[in-house]
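First residue of the sequence shown: 1, per this note's numbering; consecutive thereafter.
For glycine and all other residues, C-beta sits at the position ideal for the given N, C-alpha and C.
Down below is the structure, laid out as structure tokens.
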Amino acid sequence: MRQSHLFTKTRKEAPADETAKDAQLLIKAGYVNKEMAGVYSYLPLGMRVLQRIENIVREEMDAIGGQEIVMATLHPSEPWKQTGAWDMVDVLFKIQSRTEKEYAMGQSEEEIVTPIAQTYITSYKDLPKAIYQIGNKYRDELRAKSGVMRGREFRMKDMYSFHASQEDFDTFYAISKTAYLKVFERCGLTAKATEASGGSFTQKLSYEFMVLTDAGEDDIVYCDTCTHCANVEVSDQKAGEQCKRCGKGTLATAKASEVGNIFDLGTRYTKAFDFKVKDAQGKELFPIMGCFGIGTTRLVGVIAEALSDAKGLVWPAAVAPFAAHLVLIDGKDENIRKDADALYETLTKQGVSVLYDDRADVSAGEKFKDADLLGMPWRIVISARTIAAGQLECVKRSTGETFAVNESDLIKTIAA
Ligand code: ATP
Ligand code: MG
Numbered sequence: 001m002r003q004s005h006l007f008t009k010t011r012k013e014a015p016a017d018e019t020a021k022d023a024q025l026l027i028k029a030g031y032v033n034k035e036m037a038g039v040y041s042y043l044p045l046g047m048r049v050l051q052r053i054e055n056i057v058r059e060e061m062d063a064i065g066g067q068e069i070v071m072a073t074l075h076p077s078e079p080w081k082q083t084g085a086w087d088m089v090d091v092l093f094k095i096q097s098r099t100e101k102e103y104a105m106g107q108s109e110e111e112i113v114t115p116i117a118q119t120y121i122t123s124y125k126d127l128p129k130a131i132y133q134i135g136n137k138y139r140d141e142l143r144a145k146s147g148v149m150r151g152r153e154f155r156m157k158d159m160y161s162f163h164a165s166q167e168d169f170d171t172f173y174a175i176s177k178t179a180y181l182k183v184f185e186r187c188g189l190t191a192k193a194t195e196a197s198g199g200s201f202t203q204k205l206s207y208e209f210m211v212l213t214d215a216g217e218d219d220i221v222y223c224d225t226c227t228h229c230a231n232v233e234v235s236d237q238k239a240g241e242q243c244k245r246c247g248k249g250t251l252a253t254a255k256a257s258e259v260g261n262i263f264d265l266g267t268r269y270t271k272a273f274d275f276k277v278k279d280a281q282g283k284e285l286f287p288i289m290g291c292f293g294i295g296t297t298r299l300v301g302v303i304a305e306a307l308s309d310a311k312g313l314v315w316p317a318a319v320a321p322f323a324a325h326l327v328l329i330d331g332k333d334e335n336i337r338k339d340a341d342a343l344y345e346t347l348t349k350q351g352v353s354v355l356y357d358d359r360a361d362v363s364a365g366e367k368f369k370d371a372d373l374l375g376m377p378w379r380i381v382i383s384a385r386t387i388a389a390g391q392l393e394c395v396k397r398s399t400g401e402t403f404a405v406n407e408s409d410l411i412k413t414i415a416a
């Protein structure tokens, strides 16, 4: 994409009321626009990041047998009243229409997915099944001060699974845990699976997937040697103590952000909707249900915050809006501009996604500053100097390393 066509521009300042670092960076770089506390619009660059994250999530959920659907976000009140959540879930947005009918905005979708599953799952032979969606959620969060990491409107992948036995659930639970760790790794993050209490959903333990970042709202205790990690709320050990799990490491505390979690819901929802099927012996059973969430817009914020530096955003290649930022300097010289145009066409034809800074009236200094703020993994500079040298200048955003590269080696270099 030509940057001269991009309708967003970098901004000098984020709004004064925006105190979260992730949102400040994303707003200054033109990735998101703040509508009000906890509500953001995603602009072309931000939408590309979000879509790439959601595609990674989609691929990993499909790989473990998830089937994607799109559920309504405007909900009837009846199923919410049936499960008791209408009065119990404090973040639920409730709407009254002009006919005085009441609705709920989806904050999670057990109340919708369970009746859908009930319609089609009529025998133990139909189990197990895993159904998921990636969509908007609405929560009346009291504090929305963490930028896109805590929205009142935000996006989540929510998957729900149904099983004939606890054993079958446990098997899928372990598979999903591995898939989750893969999602976060592909997004360029290191997530730790913590044991936490199941909150309002269940008495059983659940896993929360935590990414260490100073902007996180959770406190965790983790071992510096093994994978042991727990939310401080449920940890029986403190920082400085020897890890009971491995007996070797020492425990430390850190701020972390919860990017996903998986719960054993048991039969809570299937019982609430009287959803039962017959087993092989003809005996009735309530399917065991699991729910599996990943905050996709929160991931945008966590990656933005955790991987950024003083100059701006630093996107990992797997989620970057573009693989490379081609920066034309000395573009007043028609020959240099022609060379840069040709390189842009060639790279695009070869399937490399390129943001091409072809802007005519912007200084080199400003272009470099913008490129650092926007955070594409590679900057490729074409200028009078690089043309004279017969080599392009490639700068790796994450390390600042500079390479002089022949055009024929360019793709190989930026793929590394
Ligand atoms: P938190 O403790 O952060 O409020 P939660 O336990 O309420 O999270 P779930 O209801 O299980 O979260 O939602 C699944 C995932 O959705 C979370 O792991 C998180 O990544 C994301 N998420 C939850 N609330 C928000 C929010 N207000 N804004 C953005 N993402 C969110
Ligand atoms: Mg919450």
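Sorting D224, L189, K276 by C-alpha distance to the C-alpha of S308 places L189 at the top.
Put simply, the segment 307-325 touches the segment 365-383. At least three CB pairs are less than 8 Å apart. Residue pairing for C223: DSSP places it in a beta bridge opposite L251. Taking A256 as reference, the option from Y42, L92, E401, S146 with the minimal CA-CA separation is S146.
Under the criterion of beta carbons closer than 8 Å, I294 and G260 qualify as touching, at roughly 4 Å.
For A304, the CB stays at least 8 Å from every heavy atom of the ligand ATP. Here S363 is exposed: its Cβ has fewer than 16 other Cβ atoms, across all protein chains shown, within 10 Å. Where R268 is concerned, the enclosing alpha helix (DSSP H) starts and stops at 268-272. E407 and T178 have their C-alpha atoms some 40 Å from each other. Residue pairing by DSSP places G135 opposite M156 in a beta bridge. The residue among K81, R139, P115 with its C-alpha nearest the C-alpha of Q107 is R139. A direct Cα-to-Cα measurement between K157 and N136 gives close to 9 Å. DSSP links C229 through a beta bridge to Y222. The closest heavy atom of the ligand ATP lies 8 Å or more from the beta carbon of M159. By the Cβ neighbour-count rule, K248 is exposed, with fewer than 16 other Cβ atoms within 10 Å of its own.
Assigned with DSSP and collapsed to three states, I294 falls in strand. Where Q96 is concerned, the enclosing beta strand (DSSP E) starts and stops at 94-96.
When secondary structure is reduced to three states using DSSP, Y31 falls in the coil class, being assigned neither helix nor strand. By the neighbour-count criterion, in which a residue is buried when 16 or more other Cβ atoms sit within 10 angstroms of its Cβ, S41 is exposed. Per DSSP, the unbroken beta strand (DSSP E) holding K396 starts and ends at 392-396. For L343, the enclosing alpha helix (DSSP H) stretches over residues 334-349. Annotation for Y173: the continuous alpha helix (DSSP H) segment containing it runs 166-186.
Listed in chain order, the non-local C-beta contacts of V405 below 7 Å within the same chain comprise Q391, L392, C394, T413, local neighbours out to five positions each way being set aside. With a cut-off of 8 Å, the C-beta of S108 is classified as near the ligand ATP, since at least one heavy atom of the ligand falls inside that distance.
In the DSSP assignment, I382 falls outside any alpha helix (DSSP H) and within the unbroken beta strand (DSSP E) covering 378-382.
In this structure, the CA atom of S235 is about 27 Å from the CA atom of E305. For the pair A252 and D224, the CB atoms are nearer than the 9 Å cut-off. Taking 8 Å as the cut-off, the C-beta of R385 does not count as close to any heavy atom of the ligand ATP. For F7, no beta strand (DSSP E) run applies, since DSSP gives it neither H nor E. Nearest in C-alpha terms to R186, of all of D330, N55, E258, is N55. Taking all protein chains shown into account, S4 has fewer than 16 neighbouring C-beta atoms within 10 Å of its C-beta and is therefore exposed.
Under a 10 Å Cβ-count criterion, T402 is classified as exposed, with fewer than 16 other Cβ atoms of the shown protein chains found around its own Cβ.
For S77, the uninterrupted alpha helix (DSSP H) segment begins and ends at 77-83.
Its chain contains S77, K94, I95, Q96 as the residues whose beta carbon lies nearer than 8 Å to that of E102, once the 5 sequence neighbours on both sides are disregarded; these appear in chain order.
Relative to the ligand ATP, R139 has its C-beta within less than 8 Å of a heavy atom. In the three-state DSSP reduction, E68 falls in the strand class (E or B).
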